[in-house]
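Worksheet: one structure, shown below.
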Amino acid sequence: MGHTYRSRRRPRRVPHRAHRLIPSDDELYQRTRLTVLEPESPNIMFIEGYSSRGFTINGDVVVGPCAVLPRTILQWNVGSYRDISHESLSLFRLLEPRIEILVLGTGDRVERLPPAMLKQMRECGIAVEVQDTPNACATFNFLTSEKRMVAAGLIPPRGTYRDTSDSAYAILPSPA
(Lines of atoms letter the chains of each structure in order from A and count residues from 1; the text may use other names and numbers.)
(Lines give C-alpha, C1' and ligand atoms only; values in the text may rest on other atoms or scores of the structure.)
Protein backbone atom coordinates (compact mmCIF):
# COMPACT_ATOMS: atom_id res chain seq x y z
CA MET A 1 0.00 0.00 0.00
CA GLY A 2 1.45 3.35 -1.02
CA HIS A 3 1.70 6.37 1.19
CA THR A 4 0.48 9.79 0.23
CA TYR A 5 2.35 12.75 1.62
CA ARG A 6 0.95 16.21 1.76
CA SER A 7 3.17 19.19 1.78
CA ARG A 8 2.22 21.86 4.27
CA ARG A 9 4.12 24.48 2.34
CA ARG A 10 2.21 26.90 0.24
CA PRO A 11 2.90 26.70 -3.46
CA ARG A 12 5.32 29.40 -4.54
CA ARG A 13 3.98 32.02 -6.84
CA VAL A 14 5.90 32.55 -10.00
CA PRO A 15 7.06 36.16 -10.16
CA HIS A 16 5.57 38.08 -13.06
CA ARG A 17 5.47 41.61 -14.32
CA ALA A 18 2.25 43.50 -14.14
CA HIS A 19 1.11 44.60 -17.63
CA ARG A 20 4.30 46.34 -18.74
CA LEU A 21 4.58 47.65 -22.24
CA ILE A 22 8.18 48.82 -21.94
CA PRO A 23 10.75 46.04 -22.42
CA SER A 24 13.32 45.48 -19.71
CA ASP A 25 17.04 45.90 -20.41
CA ASP A 26 17.61 42.17 -20.83
CA GLU A 27 14.71 41.92 -23.31
CA LEU A 28 16.22 44.62 -25.51
CA TYR A 29 19.34 42.54 -26.08
CA GLN A 30 17.35 39.42 -26.96
CA ARG A 31 15.51 40.96 -29.90
CA THR A 32 15.91 39.36 -33.31
CA ARG A 33 17.43 41.55 -35.98
CA LEU A 34 16.87 41.12 -39.70
CA THR A 35 19.06 42.33 -42.51
CA VAL A 36 17.62 42.18 -46.02
CA LEU A 37 20.37 40.99 -48.33
CA GLU A 38 18.33 41.00 -51.50
CA PRO A 39 15.08 42.87 -52.19
CA GLU A 40 12.03 40.96 -53.39
CA SER A 41 12.31 39.58 -56.87
CA PRO A 42 11.15 42.12 -59.45
CA ASN A 43 10.36 39.22 -61.82
CA ILE A 44 6.91 38.52 -60.41
CA MET A 45 4.03 39.08 -62.79
CA PHE A 46 1.60 41.89 -62.01
CA ILE A 47 -1.44 42.65 -64.16
CA GLU A 48 -1.71 46.43 -64.19
CA GLY A 49 -4.73 46.84 -66.47
CA TYR A 50 -6.98 45.34 -69.11
CA SER A 51 -9.15 46.38 -72.03
CA SER A 52 -11.06 44.73 -74.85
CA ARG A 53 -7.78 44.60 -76.79
CA GLY A 54 -5.61 42.97 -74.16
CA PHE A 55 -3.67 43.50 -70.95
CA THR A 56 -0.91 45.59 -69.42
CA ILE A 57 1.40 43.26 -67.49
CA ASN A 58 4.57 44.55 -65.82
CA GLY A 59 4.43 47.62 -68.06
CA ASP A 60 4.14 45.62 -71.29
CA VAL A 61 1.00 45.69 -73.44
CA VAL A 62 -0.15 42.21 -74.44
CA VAL A 63 -2.73 42.10 -77.24
CA GLY A 64 -5.40 39.40 -77.14
CA PRO A 65 -5.80 36.37 -74.87
CA CYS A 66 -2.71 35.47 -72.87
CA ALA A 67 -1.30 32.91 -70.48
CA VAL A 68 0.39 34.59 -67.53
CA LEU A 69 2.88 32.16 -66.03
CA PRO A 70 4.96 32.66 -62.87
CA ARG A 71 7.89 34.19 -64.80
CA THR A 72 6.65 34.86 -68.34
CA ILE A 73 3.72 35.82 -70.55
CA LEU A 74 2.59 33.86 -73.62
CA GLN A 75 -0.08 34.41 -76.25
CA TRP A 76 -2.90 31.95 -75.60
CA ASN A 77 -4.57 30.58 -78.71
CA VAL A 78 -8.22 30.86 -77.64
CA GLY A 79 -10.79 33.25 -79.08
CA SER A 80 -13.49 32.86 -76.42
CA TYR A 81 -14.30 30.66 -73.46
CA ARG A 82 -15.76 28.10 -75.93
CA ASP A 83 -12.23 27.51 -77.24
CA ILE A 84 -10.89 26.48 -73.81
CA SER A 85 -10.22 22.75 -74.11
CA HIS A 86 -8.05 19.96 -72.71
CA GLU A 87 -5.46 20.88 -75.35
CA SER A 88 -5.43 24.61 -74.55
CA LEU A 89 -5.06 23.83 -70.83
CA SER A 90 -2.21 21.35 -71.43
CA LEU A 91 0.24 24.26 -71.30
CA PHE A 92 -0.57 24.77 -67.61
CA ARG A 93 -0.29 21.05 -66.81
CA LEU A 94 3.23 20.86 -68.27
CA LEU A 95 4.75 23.63 -66.15
CA GLU A 96 7.60 22.80 -63.79
CA PRO A 97 7.60 23.60 -60.95
CA ARG A 98 3.90 22.73 -60.93
CA ILE A 99 1.45 25.54 -60.31
CA GLU A 100 -1.00 25.30 -57.40
CA ILE A 101 -3.79 27.40 -58.85
CA LEU A 102 -4.93 28.28 -62.35
CA VAL A 103 -7.09 31.40 -62.59
CA LEU A 104 -9.18 31.51 -65.77
CA GLY A 105 -10.68 34.81 -66.90
CA THR A 106 -13.52 34.02 -69.33
CA GLY A 107 -14.25 37.55 -70.55
CA ASP A 108 -17.15 39.77 -69.47
CA ARG A 109 -18.97 37.06 -67.52
CA VAL A 110 -18.21 33.93 -65.56
CA GLU A 111 -18.76 31.09 -68.01
CA ARG A 112 -19.25 27.45 -67.10
CA LEU A 113 -16.53 25.07 -68.28
CA PRO A 114 -17.06 21.31 -68.76
CA PRO A 115 -16.74 19.47 -65.42
CA ALA A 116 -14.51 16.80 -67.02
CA MET A 117 -11.98 19.48 -67.95
CA LEU A 118 -11.88 20.87 -64.39
CA LYS A 119 -11.66 17.33 -62.97
CA GLN A 120 -8.64 16.58 -65.14
CA MET A 121 -6.86 19.67 -63.79
CA ARG A 122 -7.69 18.66 -60.19
CA GLU A 123 -6.29 15.17 -60.84
CA CYS A 124 -3.04 16.87 -61.87
CA GLY A 125 -2.99 18.70 -58.53
CA ILE A 126 -4.03 22.08 -59.96
CA ALA A 127 -6.98 23.97 -58.49
CA VAL A 128 -8.94 25.96 -61.09
CA GLU A 129 -10.73 29.23 -60.35
CA VAL A 130 -13.05 30.38 -63.16
CA GLN A 131 -14.03 34.06 -63.02
CA ASP A 132 -14.86 36.99 -65.23
CA THR A 133 -11.64 38.58 -66.48
CA PRO A 134 -11.61 41.71 -64.24
CA ASN A 135 -11.95 39.56 -61.11
CA ALA A 136 -9.50 36.97 -62.46
CA CYS A 137 -6.87 39.71 -62.88
CA ALA A 138 -7.38 40.88 -59.29
CA THR A 139 -7.31 37.30 -57.97
CA PHE A 140 -4.10 36.56 -59.87
CA ASN A 141 -2.44 39.70 -58.43
CA PHE A 142 -3.56 38.82 -54.91
CA LEU A 143 -2.30 35.23 -55.10
CA THR A 144 0.97 36.40 -56.65
CA SER A 145 1.46 38.91 -53.83
CA GLU A 146 1.09 35.99 -51.39
CA LYS A 147 3.94 34.21 -53.24
CA ARG A 148 1.67 31.38 -54.41
CA MET A 149 2.50 29.32 -57.50
CA VAL A 150 -0.25 30.67 -59.73
CA ALA A 151 -0.88 31.05 -63.45
CA ALA A 152 -3.69 32.72 -65.37
CA GLY A 153 -5.41 32.14 -68.68
CA LEU A 154 -7.07 35.43 -69.60
CA ILE A 155 -9.50 36.39 -72.36
CA PRO A 156 -9.97 40.18 -72.72
CA PRO A 157 -13.42 41.43 -71.71
CA ARG A 158 -15.34 43.05 -74.56
CA GLY A 159 -17.13 45.65 -72.45
CA THR A 160 -14.11 47.83 -71.60
CA TYR A 161 -13.50 49.33 -75.04
CA ARG A 162 -13.76 53.15 -75.15
CA ASP A 163 -11.33 54.40 -77.75
CA THR A 164 -8.03 53.44 -79.37
CA SER A 165 -5.80 55.24 -76.85
CA ASP A 166 -4.21 53.64 -73.80
CA SER A 167 -6.84 55.36 -71.62
CA ALA A 168 -9.17 52.50 -72.57
CA TYR A 169 -7.35 50.32 -70.04
CA ALA A 170 -8.95 49.75 -66.68
CA ILE A 171 -6.24 50.18 -64.08
CA LEU A 172 -5.99 47.67 -61.25
CA PRO A 173 -4.85 48.78 -57.78
CA SER A 174 -1.45 47.57 -56.63
CA PRO A 175 -1.54 45.04 -53.77
CA ALA A 176 0.32 46.67 -50.89
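Per the UniProt record's numbering, the sequence shown starts with residue 1, numbered consecutively. By construction, the Cβ of each residue, glycine as well, lies at the ideal position given by its N, Cα and C atoms.
Three or more Cβ pairs closer than 8 angstroms define a contact, and the segment 88–102 falls short of that threshold against the segment 53–64. If the five residues before and after M121 are omitted, its C-beta is found closer than 6 angstroms to the C-beta atoms of V128, all from its own chain and listed in chain order. In the structure shown, the three-state DSSP call for G107 is coil.
Three or more pairs of CB atoms, one per stretch, sit closer than 8 angstroms, so the segment 73–82 contacts the segment 142–158. One alpha carbon belongs to T72, the other to G59, and they sit about 13 angstroms apart. Secondary structure at F55: strand, using DSSP grouped into helix, strand and coil. Boundaries of the beta strand (DSSP E) harbouring C66: C66 to V68, taken from the DSSP string. Our two residues, I101 and S52, have alpha carbons roughly 25 angstroms apart in a direct line. D108 is a Cβ neighbour of D132, given a cutoff of 8 angstroms. Out of K147, F55, I126 and Y81, the CA that lies nearest to the CA of L95 is found in I126. If you check the CB distance, F140 and V103 come in under 8 angstroms. Of the other Cβ atoms in all chains shown, 16 or more fall within 10 Å of the Cβ of E48; this residue is therefore buried.
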